Amino acid sequence: MCGIIALLLANEDEFVNQMLFDGLTVLQHRGQDAAGIVTSERRRLHLRKDNGLVKDVFQTRHMMELRGNVGLGHVRYPTAGSSSCAEAQPLYTNYPHGICVAHNGNLVNTPELEEMCRTKLNRHVN
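No gaps in the numbering here: position 91 of the sequence shown is 92 in our numbering, and each next residue is one more.
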């Protein structure tokens, strides 16, 4: 049971970082393993995620870097996988143009998806 929040502000000069932080703090009961925020500032993504509580993952210096009027936040409650920082979300890929996603669930067909990405899409999977 993870917690997910997304915000889009109409004014491109406003930042969503503090609102996402506050929202994740309220959702903290949904996951205490890891927290992450990604923001978008005029087509550039800014990402911060790590293991720990929201208040510990995001220090002032991190919040200053999370600029943009669009954002996505996630707190993780692990039901599968490990407690590695690599499991923290949002997940990011730079192909083809850069995209971030957050989800609440388990992928039960990971081997099949990995094989399809390698053989049919010619993509490396970490």
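Backbone N, C-alpha and C define an ideal beta-carbon position, used for all residues, glycine too.
As the structure is a computational prediction, the values presented were derived from the model and not from experiment.
Are residue i and residue j touching if we call contact CB-CB under 9 Å?
| i | j | result |
| --- | --- | --- |
| residue 17 | residue 99 | no |
| residue 91 | residue 74 | yes |
| residue 9 | residue 102 | no |
| residue 37 | residue 45 | no |
| residue 65 | residue 32 | no |
How is the alpha helix (DSSP H) around residue i delimited, first residue to last?
| i | result |
| --- | --- |
| residue 24 | 18–27 |
| residue 34 | Per DSSP, residue 34 belongs to no alpha helix (DSSP H) and is neither H nor E. |
| residue 45 | That residue, residue 45, is in no alpha helix (DSSP H); its beta strand (DSSP E) goes 45–52. |
Am I right that residue i and residue j are in contact with their C-beta atoms under 8 Å? What's the rounded C-beta distance?
| i | j | result |
| --- | --- | --- |
| residue 29 | residue 55 | 6 Å |
| residue 25 | residue 4 | 7 Å |
Just tell me which of the options has its CA closest to the CA of residue i.
| i | options | result |
| --- | --- | --- |
| residue 88 | 5, 35 and 26 | 35 |
| residue 15 | 27, 6, 120 and 42 | 42 |
| residue 40 | 53, 27, 13 and 52 | 13 |
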